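If you count by mature numbering (1 follows the signal peptide of the UniProt record, and there is no 0), then the sequence shown holds residues -30 to -1, 1 to 424, one letter each, in order.
By construction, the Cβ of each residue, glycine as well, lies at the ideal position given by its N, Cα and C atoms.
Computed from a prediction, not measured in an experiment: that's the story for all the values here.
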Amino acid sequence: MKKVKYRHSVARILSLSVSFFLTFNALVYAQDSPLAEDESVVQETVQGAQESNVEAEAGSGDAAAGKEIFNTLCAACHKLDSKSIGPALRGVTETRDTEWLHSWIRNSSALIAQGDEQAVEIYNEYNQVAMPPFPQLSDADIDNILAYVSQPKAVPQAQQAGAEAAGGAASGGGGISTDILLVILAFVLAMLLVILFLVNRTLRRFAAASGVELPVSPKRKPIWKAFVENQFLVLVSAVVLVLIGTYFLYGYFMQVGVDQGYQPIQPIHFSHRIHAGDNQIECKFCHSSARVSKTSGIPSLNVCMNCHKSISEVAPETATDEYSKEFYDGEIAKLYDAVGWDVSQQAYTGETEPVKWIRIHNLPDFAYFNHSQHVEVGGIACQTCHGPVQEMEIMYQNAPLTMGWCVNCHRETNVRTAGNEYYEKVHEELSKKYGVEELTVSQIGGIECGKCHY
Ligand code: HEC
Ligand code: HEC
Ligand code: HEC
Ligand code: HEC
Ligand code: HEC
Ligand code: HEC
């Protein structure tokens, strides 16, 4: 009878812990789904509200078609919610009547020439910058544009995206974060320990109950005593310990002063992926001195403003899971604060404040490195040393920048002698001396200490 009772208790403990584990699991996975549903519901309601609004206000127009025309013809000078070269257009249908808008958009200069009061007024307000005529637009096209610009601003969506950005930054996007996984893992381990302990105890009780004699271990020599008495074992372990220690010590000393992978947070989140990658802006447009001088330099803020006078926000497609459109727009706003640019007035306020970029690549003073020598004369691509810059959301140091790194490349890389008069004679002599066609940098003296150390 007793046996049955004990088997029961083992089975009960096991089934209890398994079911507990399963419910816990289900709980964790369930966390994701209600949230996702909530979001889609919110999104749907927002969109639904938008669409019905549009229909109510602009009657005939098709906002989606209007958006397309707006983006191709008007977006260069107009934004929906802020002044650009021309006025903000959202809600313009409320302040002007439709007929006037039609004739203005088709040919604003004609309207001004006729002396239309409203037309002259806005023309003067915008310093008599003429808006081009658009005779190609049909009435339906213009109705579509007007439908698009009379759409209300989608506030809830924006707020939601902002909240997502805040949440996303902390947890690194969707799914279960590593923290939660770690907690689960720790919990499971703890559970296993408890189960093991309980099973052990039950088995012992079980054994005692059925009268089985558990073997009692005889008095043995403690293991450490046995170890100390075995001189060979002691010697081997000492050697192993010393070897491991030296290995780590060496590794530790070799990484002192090596900042490979260094990735500081810059005062403005400047994405090379967006600039050099997506928009294919040439490196030398910003780092203009790389080709002609020792340093590449960081561009002055005036260079930024060449483009950012008219780019005050990023396109919605630019936003990623990690960084929202609001985040990027906020970073551009930081640029405006630094150069003192007032977006609504489209003018400089004169209040500037330098941006303190944090320097990433930095050789010690006793080493000489020259950019133009490598980029212009050597013909080496920036990416060879700086890595896939066009994919970097945040810049980091790609190469170790150690002496070994410089010297190895000099040993392996050939000098670009073709088409370089200066090298012709050197090449002729040296290639004879070494008996080779191609010369490596080291053969022209690229690993002499004095070339890199003053
Ligand atoms: C080259 C720049 C430019 C382009 C392109 C342009 N506009 Fe304009 N728009 C202006 C300027 C500047 C004004 C202010 C009046 C002026 O100075 O002529 C203006 C004014 C307006 C106004 C009057 C706003 C008000 O508050 O009364 C409307 C409406 C308008 N534009 C619609 C459009 C539409 C629609 C398109 C595209 C089909 C378009 N614009 C393309 C520069 C432009
Ligand atoms: C639109 C301007 C712009 C373009 C185009 C651009 N950069 Fe930059 N770059 C910057 C700015 C601003 C910084 C400083 C902020 C930072 O570190 O992210 C910088 C920093 C760097 C740094 C780190 C400097 C340091 O402190 O050590 C490297 C390396 C670099 N850029 C390489 C490149 C390469 C290679 C390309 C072309 C693929 C490129 N950049 C294109 C503006 C630009
Ligand atoms: C040749 C034009 C050009 C220059 C020069 C330029 N940008 Fe941009 N910038 C852009 C474009 C295009 C975008 C992306 C717009 C989009 O995605 O809709 C952008 C986006 C941005 C953004 C938002 C995305 C991000 O990277 O965080 C910031 C901030 C920014 N630029 C800062 C700068 C700074 C600082 C400089 C000067 C060092 C600079 N830009 C120079 C064209 C330029
Ligand atoms: C042969 C390797 C190599 C190549 C090729 C190279 N760089 Fe560098 N870059 C370096 C090293 C090394 C440093 C650190 C220099 C220092 O601290 O004096 C550096 C530093 C920089 C810096 C920091 C500011 C400065 O001038 O010291 C920028 C920006 C930069 N590089 C951009 C570029 C761009 C843009 C290109 C391509 C036109 C390029 N680099 C090509 C090795 C290279
Ligand atoms: C990706 C390969 C590469 C790397 C990495 C590199 N170099 Fe070079 N280096 C070259 C090439 C190629 C030349 C030859 C340029 C020429 O034709 O004059 C050169 C030339 C030089 C020269 C002139 C040598 C002479 O005899 O005129 C100096 C100095 C130099 N490099 C310094 C450095 C330093 C310092 C570093 C490390 C911080 C470095 N280089 C990293 C490829 C590299
Ligand atoms: C191609 C360029 C180059 C040549 C040639 C070169 N060095 Fe260096 N050396 C460097 C650079 C770059 C550093 C800095 C490395 C760092 O900061 O980790 C350096 C660092 C050093 C250091 C400081 C040790 C350290 O790790 O900080 C010594 C000492 C040194 N070099 C000696 C020499 C001697 C001796 C020679 C000639 C046999 C020589 N170098 C040739 C580029 C060079």
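Simplified DSSP assignment, three categories, for residue i
i: residue 200; result: coil
i: residue 290; result: coil
i: residue 372; result: coil
i: residue 327; result: coil
i: residue 303; result: helix
i: residue 423; result: strand
i: residue 217; result: helix
i: residue 94; result: helix
i: residue 318; result: strand
i: residue 265; result: coil
i: residue 405; result: coil
i: residue 410; result: strand
i: residue 100; result: coil
i: residue 337; result: strand
i: residue 248; result: helix
i: residue 445; result: Here the chain has residues from -30 to 424 only, and residue 445 is not among them.
i: residue 312; result: strand
i: residue 384; result: strand
i: residue 258; result: helix
i: residue 82; result: helix
i: residue 207; result: helix
i: residue 171; result: helix
Contact set for residue i: own chain, Cβ-Cβ below 8 Å, skip 5 residues either direction
i: residue 22; result: For residue 22, the predicted structure reports a pLDDT of 39, less than 50, and the residue's modelled location is therefore unreliable. A value from the coordinates is still provided. Correct list: empty, nothing qualifies.
i: residue 119; result: 36, 40, 50, 59, 60, 61, 62, 63
i: residue 415; result: 421
i: residue 217; result: none
Short Cβ contact (8 Å threshold) for residue i with residue j
i: residue 229; j: residue 367; result: yes
i: residue 410; j: residue 381; result: yes
i: residue 253; j: residue 352; result: yes
i: residue 345; j: residue 261; result: yes
i: residue 243; j: residue 361; result: yes
i: residue 419; j: residue 376; result: no
i: residue 336; j: residue 424; result: yes
i: residue 325; j: residue 234; result: no
i: residue 282; j: residue 309; result: no
i: residue 212; j: residue 204; result: no
i: residue 184; j: residue 177; result: yes
Own chain, CB closer than 6 Å to residue i, minus 5 neighbours either side, in chain order
i: residue 19; result: For residue 19, the predicted model reports a pLDDT of 39, less than 50, meaning its position is unreliable; a value from the coordinates is still stated below. Here the set comprises nothing.
i: residue 340; result: 264
i: residue 72; result: 112
i: residue 356; result: 368
i: residue 53; result: 314
i: residue 6; result: Note that residue 6 has pLDDT 38, beneath the 50 cutoff, so the model's placement of it is unreliable and the number below is only indicative. Excluding positions up to five away in sequence, the list is empty.
i: residue 397; result: 387
Nearest neighbour of residue i, chosen from the options [CA to CA]
i: residue 227; options: 275, 278, 410, 330; result: 330
i: residue 284; options: 295, 275, 291, 290; result: 295
i: residue 256; options: 240, 274, 243; result: 274
i: residue 47; options: 81, 89, 96, 84; result: 96
i: residue 259; options: 343, 322, 319; result: 343
i: residue 115; options: 42, 417, 86; result: 42
i: residue 241; options: 302, 214, 225, 200; result: 302
i: residue 104; options: 89, 402, 78; result: 78
i: residue 305; options: 321, 383, 98; result: 321
i: residue 45; options: 251, 208, 200, 280; result: 280
i: residue 232; options: 349, 364, 289, 183; result: 364
i: residue 299; options: 316, 354, 168, 239; result: 239
i: residue 334; options: 354, 190, 316, 371; result: 371
i: residue 327; options: 307, 316, 268, 288; result: 268
i: residue 55; options: 316, 413, 170, 358; result: 316
i: residue 288; options: 245, 395, 68; result: 245
i: residue 359; options: 250, 170, 395; result: 250
i: residue 271; options: 290, 311, 292, 286; result: 311
i: residue 109; options: 208, 69, 99, 91; result: 69
i: residue 102; options: 74, 179, 85, 189; result: 74
i: residue 67; options: 57, 80, 88; result: 88
Near ligand 8: residue i beta-carbon under 7 Å from a heavy atom
i: residue 252; result: In the structure on display, ligand 8 does not appear, and the ligands it does have are ligand 1, ligand 2, ligand 3, ligand 4, ligand 5 and ligand 6.
Beta-carbon proximity list for residue i, same chain, < 7 Å, skipping 5 on both sides
i: residue 430; result: Nothing about residue 430 can be read from this structure; the chain reaches only from -30 to 424.
i: residue 348; result: 386
i: residue 413; result: 400, 404
Any C-beta of chain B under 8 Å from that of residue i
i: residue 283; result: Checking the listed chains, one finds no chain B in this structure; it contains a single protein chain.
Q | Neighbouring residues (CB closer than 6 Å to any heavy atom of ligand 2) | A | 236, 240, 242, 245, 246, 251, 253, 255, 256, 257, 268, 269, 327, 329, 330, 331, 352, 356, 359, 360, 365
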